[in-house]
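Chains as they are written, first to last, in this note's numbering: chain Y, 315 to 692; chain W, 315 to 692; chain P, 315 to 692.
Here the structure comes first, spelled out in structure tokens, and everything after it is commentary.
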Amino acid sequence: MWIETKTEEEEASRSRASFSRRVLNGLMLCTGDMEHLDKYIQEKWFVLRLAVWGLRGVARVILANNPLSGALILAALYWASPWQGLLGTLGVLASTLTAVVIGQDSGDVAGGLHGFNGMLVALLMGVFSSAGDWYWWLLLPVCLASATCGLTTLLDHWDLPAAVFPFNIIIVLYLLCTGTNNPYFPRDPVVPPGAVEPNDTALIAVEVIRGIPLGVGQIYATEALGPSLLILGAIVLYSPLLGVHAVLGSAVGTLAGLSMAVRHDSLYSGLSGFNGALGCMAVGGLFFTFSWRTHLLAIANAFLSAYSDIALSNLLGTVGLPACSWAATLTTTLMLLLTGSLAGYRIPIGQVKAPECNMCSRSQWEAGNTEERESTDV
Amino acid sequence: MWIETKTEEEEASRSRASFSRRVLNGLMLCTGDMEHLDKYIQEKWFVLRLAVWGLRGVARVILANNPLSGALILAALYWASPWQGLLGTLGVLASTLTAVVIGQDSGDVAGGLHGFNGMLVALLMGVFSSAGDWYWWLLLPVCLASATCGLTTLLDHWDLPAAVFPFNIIIVLYLLCTGTNNPYFPRDPVVPPGAVEPNDTALIAVEVIRGIPLGVGQIYATEALGPSLLILGAIVLYSPLLGVHAVLGSAVGTLAGLSMAVRHDSLYSGLSGFNGALGCMAVGGLFFTFSWRTHLLAIANAFLSAYSDIALSNLLGTVGLPACSWAATLTTTLMLLLTGSLAGYRIPIGQVKAPECNMCSRSQWEAGNTEERESTDV
Amino acid sequence: MWIETKTEEEEASRSRASFSRRVLNGLMLCTGDMEHLDKYIQEKWFVLRLAVWGLRGVARVILANNPLSGALILAALYWASPWQGLLGTLGVLASTLTAVVIGQDSGDVAGGLHGFNGMLVALLMGVFSSAGDWYWWLLLPVCLASATCGLTTLLDHWDLPAAVFPFNIIIVLYLLCTGTNNPYFPRDPVVPPGAVEPNDTALIAVEVIRGIPLGVGQIYATEALGPSLLILGAIVLYSPLLGVHAVLGSAVGTLAGLSMAVRHDSLYSGLSGFNGALGCMAVGGLFFTFSWRTHLLAIANAFLSAYSDIALSNLLGTVGLPACSWAATLTTTLMLLLTGSLAGYRIPIGQVKAPECNMCSRSQWEAGNTEERESTDV
């Protein structure tokens, strides 16, 4: 008799769970990781699959794994500058194709993990070039550098994300290679944020606040407000929680910049904010289950990233180099290596999904545990 | 019959061992690691325990784990400069409290392992500030930077001590952040030791010899002779062997400085010696069982540390940064990674105690082995 | 009955294998790894054994493990400059003896693995010294620096070769220590390859092509054509495949230099080529089984090494330092860490031999597998 009761109860709980799961899936059709798309395109043409991988790669830069976000971001880039959009597209394709050719893990390729570094390298090479837009010779180093990014999957052994290490290494090597007065690929030297300005005017508060959303756009090296807001929208589409952390991190970065009296340009253009935004997004919800403790840790990491970025920019600025996103990459890697009670919130790299999904899977799993215990009590 | 003999013999050997152990314990009440204190304060107020943890943290900078040594050193710092003493106290407390709050391993916290980096950061921020003593705004970055040091326990995976890596990283980041002409936290650029002086006078031998004890004081960034000798006394209180190695290492560092013709200031102030002292102390007795081979290795490491320090100071001096204790930290980590027959003398990190205690536990353990073998023979 | 057939067949296949092995051994008496020599000298005087270890160490610089190649290379060095030859000999002996004294793994010592870093350090210290030849005081730092190289075997844990990391670290430390105007050990600052020349004359094609074999000689810091060709001969003696990759890599490096418009001197002297040569040799046949895929990877690595070398030279040139072989060492280490389908071609460090031998042992092993399967079928 009691056996039947148990099965009925189990079935009921299962149907309840399946219903809630179905509702959740319905909500997450266009948001979150969009895993259902992978099954749908599995049998389709290679070009279509490559496009989806590429769009996932585009979104991966802001730690999102959603082709729609990628499409929005690509649109924002073409809006800001068609030349930059072209470079970005080329970079993500060159990088992904190289990974396919040398036979990297197909799951990683499909997740866009081999595309985002190539894209960033291509974008930054365009930004730092002083030869102007539509300088076609630039496509040669862009393709080569992006392809080199496709080679790399390194930090698997330590359960760490490869993150933007390849991008940061390759772009620094390229900029060092060409120098500032290269006859083929000229570029302007980078001014460190600590440099004093001759006529030190007062800060304009509106411009500083405008720098906060621009900090999100600076992740893709855009300095226009419209495209930056569109990129922010793409983040919110993937995960609203990530979007909140992006803005919060950018604000924290701007605050850090203010406290260290960096150049006004640096604050106005959002350059002070983007490392903070990246650091805040990575810790707040993505690699750690969201809770008030990880939220505090995310803010701490945003501050650490922002200050490290100022420090590295001042250091690398002495040889005319930008600090790119070294600061956020290093501090986030450090946070992931952190031991202590916070390590309990860490999500293993293989199971990282959209923050909402992470919370959901954790609570479901805990609910499952409770149910099990209850049914054992019967 | 023989069973009784055995038990009697065993008991006798036990009582002999317990007696010698009691004598040793009696001698080591105030020297060595003072582990008995931990049991004594276990049930006491949090403030008292925090004070002991902090004092252990103060002593940990010179690789000692003894609250009395810590108290002596703190007295020396207040003697040299009350402002520096205050900064040091604040640093060690901020760092230890952060570690408590984020839930680091309580054994590590009680051993002062989360305090010494914060203290060093605080001291160095005070030394490099050109705003003068009692510049209260400095307490803000001091607290933040020290708290950041409390986050870190990193190298557990490789059985290496975290050492002063966090301190070295954080202080370099802070100095890079502020730059030399920061409106809020100004500082003077650091002159590299290889810089030639305009009027090259002859060296004064007495001053050079005076630089050797000053080298021990420079570990805490004090340049006065009295406090330096008091700090040396604190080391001797913990372990006379460590004290000998400290002076020896400082002398080796001064010798290395002489052979490379560094600036006279660098020799006179003890800056040439302190990396050698740290390197010599770490290898000679602390992380390796003391023997003539490890003694030679300690001297070799002192030379390596001192030369590396000159090299790094020259390198970092080009961007106006000090080399801090990077040299000693790196070379010591290298020595701990060394394979070959020397690796046999290596003491696992978890069992590192005062050098005398290390030797004692090894010989006791060997004696125990022999006894056991004898009793098995009966 | 069938048991006898099997044994007969087995014996026949064994005798066939032993015959082919004997022929191979006959061919490989003077080429390849010359392992038979080790058995022959095992019982001989220490001095003779030390000489063989040293010569192996000399050849190890170009990744060869053959004492005859080492002798040829040493002859080339004495031909180019007797002083440099003396320094090289001293360096390899000091380093090997240190390794013997501190009790490093005897197999590694006999294979010359503890000699080549010391030799390179000694050669480079001679090259960068501006005190002229036969400046006897230089022997003191040469011996100390080479001995320090003898301490190091580090990367065993990660199945990576220690490579020339110790050399690169020690030489940079030495050059930083002495600075450019040291009273005891003076040297000229290094000019980065990206520096523009005042009167930019046209490139001379013959000189550029002459730079390709010079690039192989630059591995040993020789700039003369004759000794460079002799060194190339020594590589071909060890393994013709390695020789081809050396020339190919040097050509790739020169091409990379041309594409980045480096100084003409850099191209003419072979400095542009030697990192490419090292990178190409390491990947093409030595650490990976030779095939067309690894051949392509070798060329890619040569490009990567060459571009990284230009980048690092420009960076380190700002503080007057040379980039040595950092670029090739880092990119090759990266290639060895590469995952994906190429990792299948990777040869474990303990089994690395001459490229021809690697291919042979792989095909023999596969043949053995097939034979075994056949005999199981009987």
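Think of the CB as a built atom: it goes at the ideal place given N, C-alpha and C, for glycine as much as any other residue.
{"Item": "When you check each C-beta in the segment 603-629 of chain Y against every C-beta of chain W, which residues fall closer than 9 Å?", "Value": "607, 611, 614, 617, 618, 621, 622, 624, 625, 626, 627, 628, 629"}
{"Item": "Once DSSP output is grouped into helix, strand and coil, what is the label at residue 605/P?", "Value": "coil"}
{"Item": "Judging by CA-CA distance, which residue of 618/Y, 549/Y, 449/Y, 376/Y is the nearest neighbour of residue 717/Y?", "Value": "Residue 717/Y falls outside the range modelled here, since chain Y spans only 315 to 692, and no answer is possible."}
{"Item": "Would you mind giving the Cβ-Cβ distance between residue 475/W and residue 463/W, rounded to the nearest angstrom? I have them listed as a contact below 8 Å.", "Value": "The pair is not a contact, with the Cβ atoms about 15 Å apart (cut-off 8 Å)."}
{"Item": "Relative to chain W, which residues along the segment 566-583 of chain Y have a C-beta separation below 8 Å, given in chain order?", "Value": "573, 574, 575"}
{"Item": "Give every residue of the same chain whose Cβ lies closer than 7 Å to the Cβ of residue 453/Y, excluding the five residues on either side of it in the sequence, and list them in chain order.", "Value": "404"}
{"Item": "Could you check where the alpha helix (DSSP H) with residue 457/W kicks off and where it finishes?", "Value": "453-463"}
{"Item": "Rounded to a whole number of angstroms, what is the C-alpha to C-alpha distance between residue 594/P and residue 484/W?", "Value": "39 Å"}
{"Item": "Compare the beta carbon distance of residue 603/Y and residue 659/Y with 8 Å and say whether it is the shorter of the two.", "Value": "yes"}
{"Item": "Which residues mark the beginning and the end of the alpha helix (DSSP H) in which residue 255/Y is found?", "Value": "For chain Y, the structure presents residues 315 to 692; residue 255/Y sits outside this window and is missing."}
{"Item": "Would you report the Cα separation of residue 408/P and residue 346/W, rounded to the nearest angstrom?", "Value": "40 Å"}
{"Item": "So, under 8 Å CB-CB, residue 455/P and residue 627/P are touching, yes? Tell me the CB distance rounded to an integer number of Å.", "Value": "Not a contact, Cβ separation roughly 24 Å."}
{"Item": "Could you list which residues in chain P have their beta carbon closer than 7 Å to that of residue 493/Y, in chain order?", "Value": "508, 628"}
{"Item": "Determine, for residue 632/Y, whether the minimum Cβ-Cβ distance to residues of chain W falls below 8 Å.", "Value": "yes"}
{"Item": "How many whole angstroms separate the CB atoms of residue 410/Y and residue 371/Y, which I take to be in contact at a CB cut-off of 8 Å?", "Value": "6 Å"}
{"Item": "Kindly list, in the order they appear in chain P, the residues whose Cβ is closer than 7 Å to that of residue 462/Y.", "Value": "618"}
{"Item": "Let me check understanding here. Comparing Cα to Cα, which of 492/W, 580/W, 564/W, 412/W lies closest to residue 430/W?", "Value": "412/W"}
{"Item": "Is there a Cβ from chain W that is less than 8 Å from the Cβ of residue 497/P?", "Value": "yes"}
{"Item": "So, do the segment 571-586 of chain Y and the segment 612-624 of chain Y have three or more beta carbon pairs nearer to each other than 8 Å?", "Value": "yes"}
{"Item": "Determine the DSSP secondary structure at residue 395/P, reduced to helix, strand or coil.", "Value": "coil"}
{"Item": "Roughly how many angstroms separate the alpha carbons of residue 608/W and residue 416/P, rounded to a whole number?", "Value": "11 Å"}
{"Item": "Pairs of beta-carbons, one from the segment 512-527 of chain Y and one from the segment 516-536 of chain P, closer than 8 Å: are there three or more?", "Value": "no"}
{"Item": "Assign residue 451/Y to buried or exposed, taking buried as 16 or more other Cβ atoms, counted over all protein chains shown, within 10 Å of its Cβ.", "Value": "exposed"}
{"Item": "At what residues does the alpha helix (DSSP H) containing residue 664/P begin and finish?", "Value": "Note, residue 664/P: premise wrong, no alpha helix (DSSP H); not H, not E."}
{"Item": "Can residue 572/W be considered in contact with the ligand NAP, in the sense that its beta carbon sits closer than 7 Å to one or more heavy atoms?", "Value": "Within the structure as shown, the ligand NAP is missing, as the structure has no ligands at all."}
{"Item": "Assuming residue 382/Y contacts residue 366/Y under a Cβ cut-off of 8 Å, what Cβ separation, rounded to an integer in Å, is found between them?", "Value": "Contact flag wrong, Cβ pair sits at about 10 Å."}
{"Item": "Do residue 556/Y and residue 378/Y have their beta-carbon atoms positioned less than 8 Å apart in this structure?", "Value": "yes"}
{"Item": "Tell me whether residue 363/Y sits in a helix, a strand or coil according to DSSP, three-state version.", "Value": "helix"}
{"Item": "According to DSSP, residue 443/P sits in a beta bridge with which residue or residues?", "Value": "501/P"}
{"Item": "Taking CB distances under 8 Å as the criterion, tell me whether residue 674/Y reaches chain W.", "Value": "no"}
{"Item": "Below 8 Å on the Cβ atoms is my guess for residue 645/W versus residue 615/W; work out the distance and round it to an integer in Å.", "Value": "6 Å"}
{"Item": "Does DSSP put residue 507/W in a helix, in a strand, or in coil?", "Value": "coil"}
{"Item": "From the DSSP output, in three-state form, read off residue 652/Y for me.", "Value": "coil"}
{"Item": "Against residue 487/W, what residues of chain A qualify as contacts under a CB-to-CB distance less than 7 Å, listed in chain order?", "Value": "Any reference to chain A falls outside this structure, whose protein chains are Y, W and P."}
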